[in-house]
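Undergrad:
Numbering (my numbering), first residue to last: 51 to 360.
1. Should residue 233 and residue 90 be called a contact, given that it needs their Cβ atoms to be closer than 9 Å?
2. Just verifying my parser: in three-state terms, what is the DSSP assignment at residue 178?
3. Considering only the beta carbon of each residue, do residue 336 and residue 305 sit closer than 9 Å?
4. Using a Cβ distance threshold of 8 Å, determine whether the segment 52 to 71 contacts the segment 111 to 124, with at least three qualifying pairs required.
5. With burial defined as no fewer than 16 other Cβ atoms inside 10 Å of the residue's Cβ, what is the status of residue 59: buried or exposed?
6. Expressed to the nearest angstrom, what Euclidean distance is found between the alpha-carbon atoms of residue 358 and residue 223?
7. Taking 9 Å as the threshold (C-beta atoms), are residue 286 and residue 197 in contact?
8. Give a yes or no on whether the C-beta atoms belonging to residue 334 and residue 290 are separated by under 9 Å.
9. Going by DSSP, name the residue or residues bridged to residue 51.
10. Which residues bound the alpha helix (DSSP H) around residue 296?
11. In terms of alpha-carbon separation, which member of 119, 92, 350 lies closest to residue 235?
12. Going by CA-CA distance only, name the one from 162, 191, 295 that's closest to residue 87.
13. Going by C-alpha distance, which of 155, 169, 141, 156 is nearest residue 148?
14. Is DSSP giving residue 80 helix, strand or coil here?
15. Is DSSP giving residue 205 helix, strand or coil here?
16. How close, in whole Å, do the beta carbons of residue 103 and residue 172 come, if the pair is a contact with beta carbons under 8 Å?
17. In the DSSP assignment, find the unbroken beta strand (DSSP E) run with residue 144 in it and report its ends.
18. Taking buried to mean at least 16 other C-beta atoms within 10 Å of its own C-beta, is residue 108 buried or exposed?
19. Taking the beta strand (DSSP E) that residue 161 falls in, what are its first and last residues?
20. Spell out the partners DSSP gives residue 232 in its beta bridges.
21. What are the boundary residues of the alpha helix (DSSP H) that residue 117 is part of?
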């Protein structure tokens, strides 16, 4: 059973039969669902409200083993890694879930958490949609098997990450896992051209515009997880070469000169579905082969699997 709590009082909440309200028996405090979203935020977050509405609709066909292969490709292999780490029926909390991953909802008992009400209202098949702050989770102690996220962790300032990791340890069951896909502070030779020649533009495009307040190096992220009592099972750097995801080319498209030309070409090609898929495949293939030979410091993205020590 998924147990929710009042994040302020820590009191257990009871779900009504129609799933429209959560009530504390002790104080009789009530939270009413709106569009199936339970809100625990006193005010809306202006920056993130409605900013990310992406939803991954792909679900493999039952009985067709080959249909799981796209999971290796979608979102830099995030879906593939989650599938590897958790058994069907596991209770998972997805942080910064936007409008969700339909495949996760079909395979796991999903709790989606985000700051944006609009994003959460688009969840298709998650068991709960929670508008809440990840530093104060409305979830009972030792009640989830895993916490997952894609492109969430880099938005969190360093000091706040420490608070969150303590909270994650609280809600995870013994031996529970984190699976995080996130951007990092990188020495990638392509991106370093911009960082060196125009640091203000780099800050504008890669940090300020996207709210990436928590950029840290791969090594700094690994050490932070270890310091909070997690065993790092996997810490794999991706996009270590000039071959990048469409989002990077879009950013470089705002520039002039050779960097801008590469960005504009990559951005235009990415608008064609088949070409974008081909680029994603080449990126993933490079990551898993020649990319492994390049120093981890040049990774633009990391996927980490951490296990809470029993």
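Note that beta-carbon positions come from the ideal geometry of N, C-alpha and C, so glycine has one too.
TA: Let me lay it out:
1. For the purposes of this step, residue 233 is taken as residue 183 along the chain shown, with counting starting at 1. For the purposes of this step, residue 90 is taken as residue 40 along the chain shown, with counting starting at 1. With respect to the 9 Å criterion, residue 233 and residue 90 are not classified as neighbours on the basis of their beta carbons.
2. Position 128 of the chain shown holds residue 178. Here residue 178 sits in strand by DSSP.
3. Reading the chain shown from its first residue, position 286 is the one you call residue 336. Reading the chain shown from its first residue, position 255 is the one you call residue 305. Taking 9 Å as the Cβ cut-off, residue 336 and residue 305 do not qualify as a contacting pair.
4. Of all C-beta pairs linking the segment 52 to 71 to the segment 111 to 124, fewer than three are shorter than 8 Å, placing the two stretches out of contact.
5. Start at 1 with the first residue of the chain shown, and residue 59 comes out as number 9. Its Cβ having fewer than 16 others within 10 Å, residue 59 is exposed.
6. As a working note, residue 358 is residue 308 in the chain shown. As a working note, residue 223 is residue 173 in the chain shown. The alpha-carbon of residue 358 is positioned some 8 Å away from that of residue 223.
7. Residue mapping note: residue 197 aligns to position 147 of the chain shown, counting from 1. Residue mapping note: residue 286 aligns to position 236 of the chain shown, counting from 1. Annotated as distal: residue 197 and residue 286, with beta-carbon spacing of 9 Å or more.
8. Counting from one through the chain shown, the residue named residue 334 turns up at place 284. Counting from one through the chain shown, the residue named residue 290 turns up at place 240. No, Cβ-Cβ distance for residue 334 and residue 290 is not below 9 Å.
9. Numbered from its first residue, the chain shown carries residue 51 at position 1. Its beta-bridge partners do not exist; DSSP assigns none.
10. Taking the chain shown and counting its residues from 1, the one referred to as residue 296 is at position 246. Looking at the DSSP string, the run of the alpha helix (DSSP H) that includes residue 296 is 296 to 302.
11. Here the question's residue 235 lines up with position 185 in the chain shown. Of the candidates 119, 92, 350, the residue whose Cα lies closest to the Cα of residue 235 is 350.
12. Your numbering for residue 87 matches position 37 in the chain shown. Nearest option by C-alpha distance: 162.
13. Position 98 of the chain shown, counting from 1, holds the residue named residue 148. Residue 169 is the option with its Cα nearest to residue 148.
14. Position 30 of the chain shown holds residue 80. Looking at residue 80 - three-state DSSP - the assignment turns out to be strand.
15. Residue mapping note: residue 205 aligns to position 155 of the chain shown, counting from 1. DSSP places residue 205 in the helix class (H, G or I) of the three-state scheme.
16. Here residue 103 refers to the residue found at position 53 of the chain shown. Here residue 172 refers to the residue found at position 122 of the chain shown. Going by Cβ atoms, the distance from residue 103 to residue 172 rounds to 6 Å, so yes, they are a contact pair.
17. Within the chain shown, residue 144 is the residue found at index 94, counting from 1. 141 to 145 is the extent of the beta strand (DSSP E) around residue 144.
18. Indexing the chain shown from 1 puts residue 108 at position 58. Classified as exposed, residue 108 has fewer than 16 neighbouring CB atoms from the shown chains inside 10 Å of its CB.
19. Locating residue 161 in the chain shown gives position 111, where the first residue counts as 1. Going by DSSP, residue 161 is part of the beta strand (DSSP E) stretching over 159 to 164.
20. Along the chain shown, one-based indexing puts residue 232 at 182. Residue 232 pairs with 352.
21. Sequence index remark: in the chain shown, residue 117 carries index 67 (1-based). Counting along the chain, residue 117 falls outside any alpha helix (DSSP H), and DSSP gives it neither H nor E.
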